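Engineer:
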Amino acid sequence: MLPDRTRLESTALVTSPAIGDSLLLMTVAHNLRRHGAAVTVFGPHIHALRAWFPGLDIQPAPAAADAPAQLSRFRTVIQLHDHRPLPDFTGLHPNAIVLEELCRRRSPQSMAQRLAEFSRSGLGLVQAGTYNGIVPPSGLTHRRHAERVVIHPTASTPDKCWLPGRFIALGLKLRRAGFDPQFIVSPAERPRWEHVRSHGLGLPDLGALDKVAAWVFESGWFIGNDSGIGHLASNLHVPTLSLFMRQGGARTWRPDWGPGLVLVGSTGIPTGKLKEKLWKYALTSGRVARAFAQLRAREAAQPSPPPWSAALPAASAAQP
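Everything in the sequence shown is counted per the UniProt record's numbering, starting at 1 for the first residue and increasing by one.
#1: So for Asp82, helix, strand or coil by DSSP?
#2: Candidates Trp257, Ala289, Ala213 and Ala63: which alpha carbon is nearest Asn132's?
#3: Could you tell me whether the stretch 117-136 touches the stretch 155-171, where touching means 3 or more Cβ pairs closer than 8 Å?
#4: Considering only residues of the same chain and omitting the five flanking positions on each side of Val288, which have a CB-CB separation below 6 Å?
#5: What do you get for Ala112, buried or exposed, if any count of 16 or more other CB atoms within 10 angstroms of its CB means buried?
#6: Can you check the stretch 256-304 for any beta strand (DSSP E) of at least 3 residues that lies completely inside it and give the ranges in chain order?
#7: Which first and last residues belong to the beta strand (DSSP E) in which Leu243 is found?
#8: Express the C-alpha separation of Phe89 and Arg120 in angstroms, rounding to a whole number.
#9: By alpha-carbon positions, which one of Ser156, Ser234, Arg84 and Asp66 ends up nearest to Pro306?
#10: Using the C-alpha atoms, what's the distance from Pro270 back to Thr40?
#11: Just checking my contact of Ser242 with Arg251 at CB under 8 Å: how many whole Å lie between their CB atoms?
#12: So Leu151 and Gln182 are supposed to be a Cβ contact under 8 Å. How far apart are they, rounded?
#13: Run through DSSP, which three-state label would His30 get?
#14: Are Leu123 and Leu24 closer than 8 Å when you measure CB to CB?
#15: Mark Arg192 as exposed unless 16 or more other C-beta atoms lie within 10 angstroms of its C-beta, in which case mark it buried.
#16: Among the candidates Ala48, Leu8, Ala38 and Leu263, whose CA atom is the shortest distance from the CA of Thr15?
#17: How many Å lie between His195 and Glu189 at the Cα?
#18: Who are the near neighbours of Ser285 in its chain, counting only those whose CB is closer than 7 Å to its CB and skipping five residues on each side?
#19: Report yes if the C-beta distance between residue 321 and Leu206 is below 8 Å; otherwise report no.
#20: For Met1, which residues in the same chain have their Cβ closer than 8 Å to its Cβ, ignoring the five residues on either side in sequence?
#21: Output yes or no for whether 8 Å exceeds the beta carbon distance between Glu101 and His81.
#22: What does the alpha-carbon distance come out to for the pair Ala51 and Ala177?
#23: Name the two residues that bound the continuous beta strand (DSSP E) containing Gly224.
#24: If you run the structure through DSSP and keep just helix, strand and coil, what is Ala67?
#25: Flag this pair as yes or no: are the beta carbons of Asp180 and Met245 separated by less than 8 Å?
#26: Could you tell me whether the stretch 138-155 touches the stretch 220-229, where touching means 3 or more Cβ pairs closer than 8 Å?
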């Protein structure tokens with residue numbers, strides 16, 4: 001059953017501490033906004049990127065103790081997970097919506113597609129799509145540094161990370177092929193990656209997330225683990241090669257906004273536990289380099305314009 005449409009007129013979305021999850025939930029925020037709802041977004045990463053989502057009310061993450069009072073003024077509140085970032089989310093508001101089931105559903109659809117489908121079938125937003133409303137600030141040129149390849153060698157957990165030495169081997173292959181490979185990591189991760197500079201590979205110190213976004217936006221390509229920065233690159237329509245441990249995770253969590261390929265390292269490994277343990281050893285730098293060549297060929301044959309380059313149609317016929 002569709003919700004009472006008047007309840008969507010004032011909606012708050014509480015985004016995750018994870019960058020990728022935050023960008024994904026912005027799909028719902030943008031679809032609500034396009035259909036006439038007044039939307040407020042809470043969360044640290046989207047607040048850091050607020051210049052990239054113009055015209056939207058974006059606030060810092062609410063403290064758990066303050067959340068009931070802050071959310072009480074909205075007719076509907078939405079969070080991706082029931083207990084993250086705000087615990088017991090469904091107990092905080094009489095019309096709280098949790099989207100955890102979408103994450104666990106067995107489906108060939110990506111999370112971006114699932115959230116768009118939820119917006120259509122669950123919220124009645126008939127013109128909903130996967131675009132989340134991101135728009136580059138003025139003064140930036142999309143993919144201006146055509147030969148710059150962003151390499152993101154880290155992830156939220158170690159099991160998602162390809163071997164560091166193979167990332168370096170890949171960077172050296174790319175440099176020999178005429179590209180400009182640049183490793184990007186968080187400030188906390190930087191000491192563990194300083195050694196890449198001894199190989200002649202770049203390690204820019206980019207600072208805050210909005211600076212990272214601007215730098216990635218002007219880069220030509222992205223290669224990285226299953227991570228939030230991979231979602232950011234895809235969201236910015238920088239062609240993205242994503243390295244995943246398992247096929248199931250790749251189906252659900254693959255970056256799915258801009259052009260991209262997914263490479264699953266555990267292909268051919270027989271059991272789940274072995275896949276998790278051995279995928280990063282089975283995946284060679286040569287295989288990743290070949291997948292990158294395939295991505296470049298695909299993009300050359302069929303370039304994909306970013307969604308902000310064309311005016312989005314108004315959804316006036318579907319006002320709540």
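Beta carbons: idealized from backbone N, C-alpha and C, even for Gly. Here the structure is a predicted model, which is why all the values come from computation and not from measurement.
Structural biologist: Working from what's here:
#1: It is coil, neither helix nor strand.
#2: Closest option to Asn132, Cα to Cα, is Trp257.
#3: The stretch 117-136, when compared against the stretch 155-171, does not touch it at the 8 Å Cβ threshold.
#4: Hits under 6 Å: Leu170.
#5: Per the 10 Å Cβ criterion, buried.
#6: 260-264, all fully within the stretch 256-304.
#7: That run of the beta strand (DSSP E) goes Thr240 to Phe244.
#8: Looking at the two C-alpha atoms, the distance is approximately 23 Å.
#9: Put simply, of Ser156, Ser234, Arg84 and Asp66 the residue whose alpha carbon is nearest the alpha carbon of Pro306 is Ser234.
#10: Straight through space, the alpha carbons of Pro270 and Thr40 are spaced by roughly 46 Å.
#11: Arg251 and Ser242 do not touch by the CB rule: their CB atoms are close to 12 Å apart, not below 8 Å.
#12: Looking at the sequence provided, one finds Ile at residue 151 rather than Leu. Contact check for Ile151 and Gln182: beta-carbon distance about 7 Å, within the 8 Å limit, so the pair qualifies.
#13: His30: helix per DSSP, three-state reduction.
#14: At the C-beta level, Leu123 and Leu24 stay beyond 8 Å of one another.
#15: By the neighbour-count rule (16 or more Cβ atoms within 10 Å), Arg192 is not buried but exposed.
#16: Checked all of Ala48, Leu8, Ala38 and Leu263; the closest Cα to Thr15 is Ala48.
#17: If I take the Cα positions, the gap works out to 12 Å.
#18: For Ser285, where only same-chain residues beyond five positions count, the Cβ hits under 7 Å are Arg166, Ala169, Leu170 and Lys173.
#19: In this structure the chain extends from 1 to 320, so residue 321 is not present and cannot be described.
#20: Residue confidence is low: Met1 scores 49 on pLDDT, short of 50, so the model does not pin down where it sits. Its coordinate-derived value is still stated next. Taken in chain order, the list of residues that qualify is empty.
#21: No.
#22: Spanning the two alpha carbons is a distance of roughly 36 Å.
#23: Counting along the chain, the beta strand (DSSP E) containing Gly224 begins and ends at Ser219 to Asn225.
#24: Ala67: helix per DSSP, three-state reduction.
#25: No. Outside cutoff.
#26: Verdict: yes, contact present.
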